[in-house]
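If you read the sequence shown in full-length UniProt numbering, its first letter stands for residue 1, the second for the next number, and so on. In what follows, a structure is listed as structure tokens, so that the remarks can point back to it.
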Amino acid sequence: MQHNDSAHQTNQTPTNKIPLFFREEHSGFIARGNFMTLAMKPQLVEQGEWLAHQMSEQYRLLGGMLKIVQEVDPTRGKSICSDQSCPTMSAGSASYTWIDQNRNPMPLPAPTYTKHIQTWVGGKVLDTTLFPVDPFATAPAIPSPAQQSSDPSYWLGKPSGFPQRYEAELKNMYKQMFRCYAHLYWSHWLAFWDLGAYRELNTCFVHFVNVGRLYGLLAERDVEPMQPLVELWVKQGVLPKVGKEEASAPGSAGGMGQGASQAVSAAA
């Protein structure tokens, strides 16, 4: 426990401007390996179908991490992430508000916000108008990259029967899921440290970020709260370098968009 106590003291020192989770000594994973093997699309799989698989898997992994802070601790009578400990949904200097049915921003406690995200994303994944149950039943052959670029009516997932709104929906889902990860790091990293689970958190998050960067699902402005950790993993060679110029291309399989914002709202 002495090591854990030291971590608490270091993380809470006012003069310490670098959170522990941004430090190289705490950036490791539960296993060695190349995360690109988990993210790269198999040659004979259509990209829309591959991203549908990835979204389902990322949703499952995020749920496992959120469960750690959502379960009620019998000794404390409350969960790690509670209305009292997290009255707002935030990640460092970034704060997030929910959008109600009238499109008005509404601040929510973090536990409520994250549960809304889980319900919303889970509903999207089960929506057969967005994620066809059997997309290959009527889908044509997978077009080549040259055929895609020459088809002005092409959209991500079209060959597999996904709707035209598919890419926009994926990006919105990914943005909201990223906020959940960012909150876990900024508000609950010490809980993962105490439980010996911070490497599991890193492993799930680096896989999530890798997929998001490779397929252009994350905008640069959305990544800002966790940018130092992302840059550290790029420096270590865990994540590939992604050029900003690639991010501006619609439907590109690489890069992040541009922009900056601190107080942002959910688009759900």
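Note that the Cβ used here is the ideal one computed from N, Cα and C, for glycine as well.
Identify, in the order they occur along the chain, each residue of the same chain with its Cβ nearer than 7 Å to the Cβ of residue i, setting aside the five sequence neighbours on each side.
| i | result |
| --- | --- |
| Gly92 | Trp186, Pro225 |
| Leu130 | Lys124, Pro163, Tyr166, Glu169 |
| Glu200 | Ile30 |
| Leu38 | His207 |
| Lys17 | none |
| Lys41 | Gln47, Trp50 |
| Tyr174 | Gly212, Leu217, Leu218 |
| Gly63 | Gln118 |
Quick check on residue i: buried or exposed, where buried means 16 or more other Cβ atoms within 10 Å of its Cβ?
| i | result |
| --- | --- |
| Glu245 | Its pLDDT being 31, under 50, Glu245 is placed unreliably in this model, and the coordinates cannot settle the point. |
| Asp53 | The question names Asp, but residue 53 in the sequence shown is His. His53 is exposed by the Cβ-count criterion. |
| Asn202 | buried |
| Leu51 | buried |
| Pro87 | exposed |
| Met65 | buried |
| Met36 | exposed |
| Glu46 | buried |
| Met89 | buried |
| Arg103 | exposed |
| Asn34 | exposed |
| Gly48 | buried |
| Leu44 | exposed |
| Lys67 | exposed |
| Gln227 | exposed |
| Asp222 | buried |
| Ile99 | exposed |
| Leu126 | exposed |
| Gly77 | exposed |
| residue 273 | Given that the chain is displayed from residue 1 to residue 268, the structure contains no residue 273 and the question cannot be resolved. |
| residue 284 | The requested residue 284 is not part of the displayed model; the chain covers only 1 to 268. |
Tell me, which residues are paired with residue i by DSSP?
| i | result |
| --- | --- |
| Ser90 | Ser95 |
| Val72 | Ser79 |
| Met106 | Trp98 |
Excluding the 5 residues preceding and the 5 following residue i in the sequence, name in chain order all residues of the same chain whose CB lies nearer than 6 Å to its CB.
| i | result |
| --- | --- |
| Trp189 | Phe21 |
| Arg179 | Tyr96 |
| Cys204 | Leu61, Met65 |
| Gly157 | Gly48, Tyr166 |
Taking the alpha helix (DSSP H) that residue i belongs to, which residues open and close that run?
| i | result |
| --- | --- |
| Gln84 | No alpha helix (DSSP H) contains Gln84, which DSSP labels as neither H nor E. |
| Glu24 | First-last for Glu24: undefined, no H or E at that position. |
| Lys235 | 227-236 |
| Met36 | 36-39 |
So, at 8 Å on beta carbons, what are the nonlocal neighbours of residue i in its own chain, with the 5 sequence-adjacent residues on each side left out?
| i | result |
| --- | --- |
| Lys241 | Val234 |
| Glu24 | Leu232, Gln236 |
| Val69 | Ser79, Ile80, Cys81, Leu184, His188, Ala191 |
| Thr114 | Leu66, Gln70, Cys81, Met89, Cys180, His183 |
| Pro105 | Thr97, Trp98, Ile99, Ser265 |
### Query
Whole alpha helix (DSSP H) runs in the region 145-215 with 4 or more residues, listed along the chain?
145-150, 166-194, 198-214
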